[in-house]
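So the sequence shown is numbered by the numbering used here: it starts at 28 and just counts up by one. C-beta atoms are modelled at their ideal positions from N, C-alpha and C, and glycine is treated no differently. These numbers come from a predicted model, not from an experiment. Some notes on the structure that comes next.
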Amino acid sequence: MNRPQRGTASAQPAMPVVAFLGLGAIGTPMARHLAEPEFSLRVWNRTTAKAAAFASKHKATHAATPREAATGADFIVTCLSTSSDVESILDGPTGIEAGLSSGAVFIDCTSGDPAASRRIAARLAAKGVAFLDAPVSGGVAGAEIGTLTVMVGGGAAELERATPVLDAFGEKIVHCGPIGAGHALKSINQAMLAVHIWSLGEGLVALARAGVKPALALEVINASSGRSNTSQNLFPQRVLSRAFPRTFRLALLDKDVGIAARTLREQKVPAPLIQLAAELMSLAHRELGEDADHVETVKVIERMAGEVID
Ligand code: NDP
28 MNRPQRGTAS AQPAMPVVAF LGLGAIGTPM ARHLAEPEFS LRVWNRTTAK
78 AAAFASKHKA THAATPREAA TGADFIVTCL STSSDVESIL DGPTGIEAGL
128 SSGAVFIDCT SGDPAASRRI AARLAAKGVA FLDAPVSGGV AGAEIGTLTV
178 MVGGGAAELE RATPVLDAFG EKIVHCGPIG AGHALKSINQ AMLAVHIWSL
228 GEGLVALARA GVKPALALEV INASSGRSNT SQNLFPQRVL SRAFPRTFRL
278 ALLDKDVGIA ARTLREQKVP APLIQLAAEL MSLAHRELGE DADHVETVKV
328 IERMAGEVID
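If you want it as structure tokens, here you go:
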């Protein structure tokens with residue numbers, strides 16, 4: 028069984044103080060689930076206006092600095108772009124570390140880097156603070172309705188303590204292994220997403236040129252062994268419609284696949300496909316810029332082929 032038992036009510040403080048740092052596209056809907064009577068929520072965001080707006084709409088207070096958010100908190104949850112961003116807000120007189128209390132649990136929901144997680148965990152352990160890497164999947168839509176999958180690396184006892192917090196936005200909470208295991212697993216999932224997007228894009232462009240309509244090709248693939256979330260949901264809803272909503276930035280997928288490629292190199296696993304996927308995501312990121320959504324990668328394939336999937 029992957030999921031630990033919930034902690035007993037008496038093992039938890041009456042109203043745990045939760046600090047949530049990082050109100051981005053997915054952090055904001057995750058934090059909303061913690062703005063509930065059973066938690067005392069503080070939010071912090073680099074762009075202060077977002078945290079102020081959140082606190083004005085929800086049961087939460089707005090902290091002026093990461094240190095203020097972390098001071099006296101039982102749980103510190105981060106959801107930033109990268110592990111380097113998390114490390115940067117630990118530092119200095121206004122950083123998280125200056126406010127931490129021994130016995131707190133630090134939950135990093137960033138899709139981060141396993142090696143950085145181990146570094147952060149060692150640093151926090153010196154302060155008597157436990158660390159869990161807890162990246163999520165399920166997208167902004169899953170965050171809105173609290174059905175995220177949470178991939179956790181770290182100790183089982185710490186995970187048991189953190190489960191009420193993770194349960195607020197997660198539906199499937201899986202203990203993956205030691206510190207860094209959650210981030211490693213998330214990065215491989217993301218590499219598979221990149222491969223699915225790129226290979227389906229190439230395939231549909233070629234089929235369109237061969238006279239097969241993309242909608243018909245997807246109908247067949249989705250009833251066959253090549254189907255994936257990319258073919259069943261992303262392409263019909265976002266590519267065929269040409270809607271390309273911006274929910275998960277390509278810049279972040281590029282970062283994720285880079286982590287996967289690095290993880291595989293560290294493990295000395297020959298991985299030509301994932302190394303190539305990392306190069307292609309990096310190329311698409313350069314072509315389309317910082318704000319593009321990950322599914323817009325298809326536009327690079329279309330440009331290269333001179334064919335549009337619609
Ligand atoms: P966004 O780009 O929407 O938001 C990024 C957040 O990180 C913002 O709050 C931003 O602050 C903050 N931030 C970035 N750099 C720094 C820094 N140096 N110091 C302090 N804060 C910083 O990203 P998402 O919310 O989409 O993603 C957050 C994490 O979750 C990423 O690791 C991503 O890979 C992962 N994820 C995202 C999913 C999605 O569907 N969007 C799905 C699953 C995982 P500011 O507002 O000031 O820019």
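Residue 160 lies in the beta strand (DSSP E); which residues open and close that run?
The residue you call residue 160 lines up with position 133 of the sequence shown. Note, residue 160: beta strand (DSSP E), 157-160.
Only counting runs of 4 or more residues, tell me where the alpha helix (DSSP H) segments fall wholly within the region 117-159, in order along the chain.
Runs of the alpha helix (DSSP H) inside the region 117-159: 141-152.
I'd like the list of long-range same chain contacts for residue 98, defined as Cβ closer than 7 Å, with 5 residues on each side in sequence excluded.
Sequence index remark: in the sequence shown, residue 98 carries index 71 (1-based). So the qualifying residues of the chain are 126.
Buried or exposed: where does residue 135 fall if 16 or more other Cβ atoms within 10 Å of its Cβ makes it buried?
If you number the sequence shown from 1, residue 135 lands on position 108. So residue 135 ends up on the buried side.
Three-state secondary structure (DSSP) at residue 17?
The chain is shown only over 28 to 337; residue 17 falls outside these bounds and no answer can be derived.
Report the residue from 122, 310, 192 and 242 whose alpha carbon sits nearest the alpha carbon of residue 64.
The residue you call residue 64 lines up with position 37 of the sequence shown. That would be 192, whose Cα lies nearest to the Cα of residue 64.
Using DSSP bridges, identify the partner residues of residue 103.
Working through the sequence shown from its first residue, we reach residue 103 at position 76. Answer is 46 and 133, bridged to residue 103.
Roughly how many angstroms lie between the CA atoms of residue 285 and residue 138, to the nearest whole one?
Sequence index remark: in the sequence shown, residue 285 carries index 258 (1-based). Sequence index remark: in the sequence shown, residue 138 carries index 111 (1-based). The straight-line gap from Cα to Cα measures roughly 12 Å.
DSSP three-state label for residue 60, please.
Reading the sequence shown from its first residue, position 33 is the one you call residue 60. Reduced to three states, the DSSP call for residue 60 is coil.
Please specify which runs of the alpha helix (DSSP H), each continuous and at least 4 residues long, are wholly inside the region 176-220, giving them in chain order.
For the region 176-220, whole alpha helix (DSSP H) runs of length 4 or above, ordered along the chain, are 183-196.
When you measure from the CB of residue 275 to every non-hydrogen atom of ligand 1, does any distance come out below 7 Å?
As a working note, residue 275 is residue 248 in the sequence shown. It does: the Cβ of residue 275 is within 7 Å (strictly closer) of some heavy atom of ligand 1.
Consult DSSP for residue 309 and reduce its assignment to one of helix, strand or coil.
Position 282 of the sequence shown holds residue 309. It is helical.
Who are the near neighbours of residue 182 in its chain, counting only those whose CB is closer than 7 Å to its CB and skipping five residues on each side?
Counted from its first residue, the sequence shown places residue 182 at position 155. Around residue 182: 157.
Does residue 320 come out as helix, strand or coil in the three-state DSSP assignment?
Position 293 of the sequence shown, counted from the first residue, corresponds to residue 320. The answer is strand: DSSP assigns residue 320 an E or B state.
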